[in-house]
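Notes to accompany the following structure.
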Amino acid sequence: AQSVTQPDIHITVSEGASLELRCNYSYGATPYLFWYVQSPGQGLQLLLKYFSGDTLVQGIKGFEAEFKRSQSSFNLRKPSVHWSDAAEYFCAVVIDNTGGFKTIFGAGTRLFVKA
Amino acid sequence: KAGVTQTPRYLIKTRGQQVTLSCSPISGHRSVSWYQQTPGQGLQFLFEYFSETQRNKGNFPGRFSGRQFSNSRSEMNVSTLELGDSALYLCASSSQGLHTEAFFGQGTRLTVV
Chain F
1 AQSVTQPDIH ITVSEGASLE LRCNYSYGAT PYLFWYVQSP GQGLQLLLKY
51 FSGDTLVQGI KGFEAEFKRS QSSFNLRKPS VHWSDAAEYF CAVVIDNTGG
101 FKTIFGAGTR LFVKA
Chain W
1 KAGVTQTPRY LIKTRGQQVT LSCSPISGHR SVSWYQQTPG QGLQFLFEYF
51 SETQRNKGNF PGRFSGRQFS NSRSEMNVST LELGDSALYL CASSSQGLHT
101 EAFFGQGTRL TVV
């Protein structure tokens, strides 16, 4: 069955430190890959997406992600975290499902930023 | 360009009642998808509508239904509400479908008592 795994439920980093959030998926082909961020009480905002081509994609707010086909991973990175990055981050895949598409989200990783 | 608008923002209903949630997508977007977010189950895909047709659905009981109108506005209905239906319901719109960039609304917080 298709699935998305975000192994870290919580991560705490110091402001200014680097960040990597992990995401692995299980799907027979290459899915469409997304990272979203959600602030408390808000909807989701798209950070970046991968459809094809260059496996390193740049997103908003200084985030980037690298698609590694051999590892079925799409990890999110940021070189220097800001306090405003504290939020919940969701990895998502969109798969082709019998003529339509459906979205599968990971469980999310909540990021805490220490001053 | 206005974003995705969901109404109402908050709702309290009693077990056994039914509820209708509304989503107005970004102008020009033809795809609207719905998600349920709970602390226990996370974000789960409910269904997607494109040009008034349901293209795909997740694994939810038949009590959850939806529709899309000719102006792309969508409604989601939950009948015979259960306590476990308490959740944040999110709607997202995109121009062509889920495989393109989706824009989310702020959600409707439904509490079933």
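Chains as they are written, first to last, in the working numbering: chain F, 1 to 115; chain W, 1 to 113. Using N, Cα and C, we set each Cβ at its ideal position, and we do this for glycine too.
By alpha-carbon positions, which one of the options ends up nearest to residue i?
{"i": "W:Gln41", "options": "W:Thr5, W:Thr53, W:Gly84 and W:Leu11", "result": "W:Gly84"}
{"i": "W:Gln36", "options": "F:Ala115, F:Phe105, F:Ser84 and F:Arg110", "result": "F:Phe105"}
{"i": "F:Arg110", "options": "F:Phe34, F:Gln6 and F:Gln2", "result": "F:Gln6"}
{"i": "W:Lys57", "options": "F:Asp8, F:Ala1, F:Thr103 and F:Ile9", "result": "F:Thr103"}
{"i": "W:Val4", "options": "W:Phe64, W:Leu46 and W:Cys91", "result": "W:Cys91"}
{"i": "F:Gln71", "options": "F:Asp8, F:Ala17 and F:Arg22", "result": "F:Arg22"}
{"i": "W:Leu43", "options": "W:Leu21, W:Pro61 and W:Tyr89", "result": "W:Tyr89"}
{"i": "W:Arg9", "options": "W:Arg15, W:Phe47, W:Leu81 and W:Leu21", "result": "W:Leu21"}
{"i": "W:Gln176", "options": "W:Thr80, W:Arg55 and W:Thr108", "result": "What is shown of chain W runs 1 to 113, which leaves residue 176 of chain W out entirely."}
{"i": "F:Thr55", "options": "F:Pro40, F:Arg69, F:Pro79 and F:His10", "result": "F:Arg69"}
{"i": "W:Gly62", "options": "W:Ser70, W:Arg55 and W:Leu46", "result": "W:Leu46"}
On the DSSP letters alone, give me the boundaries of the beta strand (DSSP E) that residue i sits inside.
{"i": "F:Asp96", "result": "Ala87 to Asn97"}
{"i": "W:Cys91", "result": "Ala87 to Ser94"}
{"i": "F:His10", "result": "His10 to Ser14"}
{"i": "W:Cys23", "result": "Val19 to Ser24"}
{"i": "F:Phe104", "result": "Sequence check: residue 104 of chain F is Ile here, not Phe. Where F:Ile104 is concerned, the enclosing beta strand (DSSP E) stretches over Gly100 to Phe105."}
{"i": "F:Trp35", "result": "Tyr32 to Gln38"}
{"i": "W:Glu48", "result": "Gly42 to Phe50"}
{"i": "F:Lys114", "result": "Thr109 to Lys114"}
{"i": "W:Phe60", "result": "Unbroken run through W:Phe60: none, as it is neither H nor E."}
{"i": "W:Glu75", "result": "Ser74 to Val78"}
{"i": "W:Arg115", "result": "The structure shown does not extend to residue 115 of chain W, since chain W spans only 1 to 113, so no value can be given for it."}
For residue i, which residues of its own chain have a beta-carbon under 7 Å away from its beta-carbon, when the five flanking residues on both sides are left out?
{"i": "W:Ile12", "result": "Thr111 and Val113"}
{"i": "F:Leu46", "result": "Phe34 and Tyr36"}
{"i": "F:Pro31", "result": "Tyr25, Val93, Val94 and Ile95"}
{"i": "W:Ser72", "result": "Pro25, His29, Arg30 and Val32"}
{"i": "W:Glu101", "result": "Ser94"}
{"i": "F:Asn75", "result": "Glu20, Leu21, Arg22, Cys23, Ala65 and Glu66"}
{"i": "W:Ala87", "result": "Gln36, Gln37, Thr38 and Leu110"}
Report yes if the CB atom of residue i is closer than 8 Å to the CB atom of residue j, and no otherwise.
{"i": "W:Phe103", "j": "W:Ile26", "result": "yes"}
{"i": "F:Arg77", "j": "F:Glu88", "result": "no"}
{"i": "F:Phe90", "j": "F:Gly108", "result": "yes"}
{"i": "W:Gln68", "j": "W:Gln6", "result": "no"}
{"i": "F:Gln38", "j": "F:Leu48", "result": "no"}
{"i": "W:Ser65", "j": "W:Cys23", "result": "no"}
{"i": "F:Ala86", "j": "F:Phe112", "result": "yes"}
{"i": "W:Glu48", "j": "F:Phe101", "result": "yes"}
{"i": "F:Ala17", "j": "F:Val81", "result": "yes"}
Kindly list the residues whose CB is nearer than 6 Å to the CB of residue i, restricted to its own chain and excluding five residues on each side of it in sequence; keep chain order.
{"i": "W:Ser31", "result": "Phe50, Ser94 and Gly97"}
{"i": "W:Val19", "result": "Lys13 and Val78"}
{"i": "F:Ser3", "result": "Ser26"}
{"i": "F:Gln42", "result": "none"}
Among residues of its own chain, excluding the 5 on either side of residue i, which ones have a beta-carbon nearer than 8 Å to its beta-carbon?
{"i": "F:Lys114", "result": "Thr12, Val13, Ser14 and Glu15"}
{"i": "W:Thr53", "result": "Gln68"}
Would the C-beta of residue i count as close to the ligand GTP, meaning under 7 Å from any of its heavy atoms?
{"i": "F:Gly106", "result": "Ligands displayed in this structure: none; no statement on the ligand GTP is therefore possible."}
Whose Cβ in chain C lies nearer than 8 Å to the Cβ of residue i?
{"i": "W:Ser33", "result": "No chain C is present in this structure, whose protein chains are F and W."}
Inset, instruction - Return the residues of the region 98-112 of chain F that lie within a Cβ-Cβ distance of less than 9 Å from chain W, sorted by chain order. - result: Thr98, Gly99, Gly100, Phe101, Lys102, Thr103, Ile104, Phe105, Gly106, Ala107 and Gly108
Legend entry - Under 8 Å (Cβ pairs) to chain F, residues found in the region 80-106 of chain W: Leu90, Ala92, Gly97, Leu98, His99, Glu101, Ala102, Phe103, Phe104, Gly105 and Gln106
Legend entry - Members of the region 32-62 of chain F near chain W, C-beta cut-off 9 Å: Tyr32, Phe34, Tyr36, Gln38, Gly41, Gln42, Gly43, Leu44, Gln45, Leu46, Lys49 and Phe51
Inset, instruction - Name, going along the chain, the residues of the region 68-96 of chain F whose beta-carbon falls closer than 7 Å to a beta-carbon of chain W. - result: Phe90 and Val94
Inset, instruction - Please list the residues of the region 38-53 of chain W that have a C-beta atom closer than 7 Å to any C-beta atom in chain F, keeping them in chain order. - result: Gly42, Leu43, Phe45 and Glu48
Inset, instruction - Taking a Cβ distance cut-off of 7 Å, strictly less, list which residues of the region 55-68 of chain W are near chain F, in chain order. - result: Arg55, Asn56 and Gly58
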